[in-house]
Amino acid sequence: MLAAACGGAVFAAPAYARPAFLESPVTRNRLRPPGAVSEDLFAGRCIRCGRCVEVCPYRAIDMLDIRAGLFAGTPLLAVEKIPCYLCMKCVLVCPTGTLSPVSQEQTRMGLAVINRFSCLAWSGKTLCRTCYDKCPFKNRAIYLDQLQPVIRADACTGCGLCTHACPVTDPHGDKAVNIEPIYSRVGATG
Amino acid sequence: MHRHKEQQGRTGRGAARYGRWRLLTLLLAFLVILVNPLLNYHLGINWLQGWYQSLGVGHLWFVSPLEGLESLLVTRSIAMASFIGMLIPLLLAFLLGRVFCSWICPISFFAELLDHGHRLVYRNKRRQDLLVPARRLLWFVLVGELLLSMILGAPVFVVLSPPGLVGREIMMAVFFHRLPLEGLILLPVLGMELVCRRLFCRCLCPLGGLLALVGSRRRLVVAMEPERCVQCFRCDRNCPLGLRPSRGETLTSYCWNCGACIDACGPAALAFRWQHNGNPSRDNQPPVFSTTML
C-alpha cells in the first residue's frame, strides 16, 4: 500500500503504472511461500535473509535476483516446476513475520483455475483426473463433477500440486490448471 | 634510516596482537556463511540458517539492525522476532561500537585479505589513500538511504547491502548453481580499496553509519596515555579508517575498535579501555558536531 502510495506520489502516476523495478514478480504460477503478508507489504517487510530458501526441503523456494528490481532477494515459487508441499518449515524461520505460521488448510498462496479449453477432461479428450488425484485436499479443494475436475475456491490453498502434476503444457508454458495469485497487479487490494 | 628506526620500534612494541585475532575472527565469521548453505543443501542440517542480514543459530536469531529498521520504517510495523533479533547486535554496538564492521563483516574480511596481499607483494611499502572523502558523509548516507527506502516503499540497503550480498551469492551458488548479477556491486566496493583503504566502510555504508551512531557513547574505546606517546604517528598511518589516534580520534564515533593502532604502537601508549561513564567523547559534545571529527 505504501509502495503504491509513494510510487504514485513520486512518479505522479496511478498505482498501476509503477516503473518496472517496482512491479511485483507475483504472477500466474509465480507465488510467495505460505503465510506471506500482502504482496503490497512483502518487499518492504522481507529483509532478504534467504532463510526460507535454505530450509525448504524440496528446493521449491527460489530467490529472485536483481532482474526483479527492488524485489531482488525475495522468495518466489515456480509451482509448475516445484510446487509447495505445505511442510511449513519456511514460515517457522522467518524473522520478520513476512511469512507467519499458518495451518495447511488456511494457507492461501493463490487459487487454482482450470482452463476448460486445454484441460483434457473438460475438452473431452481423455478421462484425466491427475489434478484431482494429486490434490492434498481431495474432494474439498478439487472434486469431480461428472468426471470433470472443479475447483472449490474456499478450500484451495494454491499449493500448486495440481499444476505441477498436470500433463498439459500449452505454448505459453501454462498448464491446464494454473495457480492465479490472489494479489492483483493493478493495485485493487491497495 | 627511517625504516630501520621503525623496525627497532616494532621489536619493542607491546604484547597486543589484535591483528591476528581479528583476522581469525573474520575468517570464522566468513566460514559461517560459507559452510551454512553447504550444510543446509547437502546435509539437510537446518540448525544454522541465513547470513549477516539475519542469522539463525538454533533458536537464537539475529537480525541486522539496519535491515530491521528499514523494514519497520517502510511497513510501519514490526515483528516481535525481528525486534528481539535486533537487540543483541544493538547491545553489542552500544557497548563495543562498530565491532561488527571490523571483526565480523565479510567485506572487512576481504579488505583485510587485500591488505595482507598488498603487504606481501609490496613488502613494507605503505598504502597511500589517494582520495579521502569527508567522514561526515557517513551520516548523510545513513539518512539518505532511509529516506530513499521510505520514498520507494522498498528497503534499498536490504536489497543491495554488500555484506548481505556476499552471503546471498554464496547461497545462490550452492543452491541454484548461479551467481546473481547484483554481486557485481562487490567489485567496486572492494575496488575502492585501491583509492582509499575502507572507503566504503568509512563513509558509504549505511549499516556502519547506524552502528557508529548507536556506538557513539560506547564503553569500549581505544584510549591513549599521552605520557607514553613518543609521537611516532605510526598509529595514524596504520588506522584503516584514516583516523589519527595520536590526536584522540579513536574517541569519536568513527572508530570501529579494530585495534590496528594498538598493534602498531611501539611504546604501548594505546590500549583498549572500558569506560564506565560511557562517554568517550572528550569534550562531552554530541559526536556528530564534535570538533575532532571535522
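Going down the list, the protein sequences come from chains G and Y.
The C-terminal residue of the first sequence carries number 190 in the working numbering, and the numbering is unbroken.
The C-terminal residue of the second sequence carries number 294 in the working numbering, and the numbering is unbroken.
We treat Cβ as the ideally placed atom computed from N, Cα and C, and that holds for glycine.
No experiment lies behind these values; they were computed from the predicted model shown.
Shown here, N178(G) sits in a strand according to DSSP, grouped into three states.
K89, V93, C94, P95, T96 and G97: these are the residues of the segment 81-97 of chain G whose beta carbon lies less than 9 Å from some beta carbon of chain Y, given in chain order. With respect to the 8 Å criterion, V177(G) and C119(G) are classified as neighbours on the basis of their beta carbons.
Neighbourhood of P25(G) in chain Y, by CB distance below 8 Å: empty, with the nearest CB roughly 12 Å away.
Within the model, the alpha-carbon separation for W21(Y) versus M88(G) is close to 41 Å. Counting only residues of its own chain and dropping the five nearest sequence neighbours on each side, F117(G) has a CB closer than 8 Å to the CB of S123. The straight-line gap separating the alpha-carbon atoms of H116(Y) and S71(Y) is approximately 37 Å. CA-CA distance, L90(Y) to H276(Y), rounds to 18 Å. Selection A20(G), P167(G) and A60(G) evaluated against T126(G) yields P167(G) as nearest (Cα-Cα). Close CB contacts of A153(G) within its chain, under the 7 Å cut and outside five residues either way in sequence, are with L111 (chain order). In chain G, no part has a C-beta under 7 Å from the C-beta of E112(Y); the shortest such distance is about 25 Å.
The three-state reading of DSSP puts D145(G) in strand, counting E and B together. Less than 8 Å separates the beta-carbon of M109(G) from that of C84(G). Q148(G) counts as buried, since at least 16 other C-beta atoms from the protein chains shown sit within 10 angstroms of its C-beta. About 6 Å separates the Cβ atoms of P37(Y) and E54(G), confirming a contact at the 8 Å cut-off. Taking a Cβ-Cβ cut-off of 8 Å, the neighbours of V158(Y) in chain G comprise C46, I47, R48 and G73, given in sequence order. Taking all protein chains in view, the Cβ of A121(G) is crowded by 16 or more other Cβ atoms within 10 Å, so the residue is classified as buried. A distance below 8 Å between beta-carbons, with the five flanking residues on each side excluded, links L138(Y) to the following residues of its chain, in chain order: R202, C203, L204, C205, G208, G209, A212 and Y254. If you draw a straight line from the Cα of A154(Y) to the Cα of P245(Y), it is about 39 Å long. Our two residues, D174(G) and T74(G), have alpha carbons roughly 23 Å apart in a direct line. Comparing C-alpha distances from L66(Y) to each of P101(G), I114(G) and G44(G) shows the shortest one belongs to G44(G).
Between the alpha carbons of V102(G) and L86(G) lies a gap of roughly 10 Å. Judged by beta-carbon spacing, F42(G) lies within the 8 Å limit of R32(G), meaning their Cβ atoms are closer than that value.
Contacts between L22(G) and chain Y, judged by CB atoms closer than 9 Å, involve L152, G153 and A154 in chain order. Classified as buried, H164(G) has 16 or more neighbouring CB atoms from the shown chains inside 10 Å of its CB. Remark: C-beta atoms of C101(Y) and Y52(Y) do not approach each other more closely than 8 Å.
Bridge pairing for S54(Y): W51(Y) and V63(Y) [DSSP].
In the three-state scheme derived from DSSP, where H, G and I count as helix and E and B as strand, T98(G) is classed as coil.
For V113(G), DSSP records a beta bridge to N178(G). Residue pairing by DSSP puts L77(G) in a beta bridge opposite L31(G) and I61(G).
With respect to the C-alpha of V26(G), the residue from E105(G), D145(G) and A72(G) having the closest C-alpha is A72(G). According to DSSP, T169(G) shares a beta bridge with K175(G). Distances from the alpha-carbon of T107(G) to those of Y143(G), F21(G), C94(G) and V37(G) put V37(G) closest. Annotated three-state conformation of R273(Y) is strand, per DSSP. Only exposed fits K138(G), as fewer than 16 other CB atoms lie within 10 angstroms of its CB. Within the DSSP secondary-structure output, I84(Y) pairs in no beta bridge.
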